[in-house]
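A.B. asks:
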Amino acid sequence: MAEITEGIGTHTMRKTFGYWFYKQTKDVVKLQTLLNHSRPDITLRYIGITDEEIEADLQHFVL
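In our numbering, the protein residues as written are 14 to 76.
#1: Give the single residue among 35, 68 and 65 whose Cα lies nearest to the Cα of residue 53.
#2: Where residue 60 and residue 20 are concerned, what is the direct C-alpha to C-alpha distance, given to the nearest angstrom?
#3: To the nearest whole angstrom, what separates the beta carbons of residue 45 and residue 29, a pair I think is in contact under 8 Å?
#4: Is it buried or exposed for residue 31, if we count other Cβ within 10 angstroms and need 16 for buried?
#5: Could you tell me the alpha carbon to alpha carbon distance between residue 58 and residue 23, rounded to whole angstroms?
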């Protein structure tokens, strides 16, 4: 069995959930509600989504 040497708490799991939920759905408003944040920009900062990452997503967007 592998030994975990770094502390992983519930907060880490919450942020990881938020990051992957956003990456799969791109629904920041729903994630904001799930995480009980007051504004979408707080949610994006919390999960570590940068302006550069958003810009890269826009570059790949096709109608």
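Glycine included, every Cβ here is placed at the ideal spot set by N, Cα and C.
C.D. replies: With the given structure in hand:
#1: 35
#2: 19 Å
#3: About 17 Å separates the two Cβ atoms, so there is no contact after all.
#4: buried
#5: 18 Å
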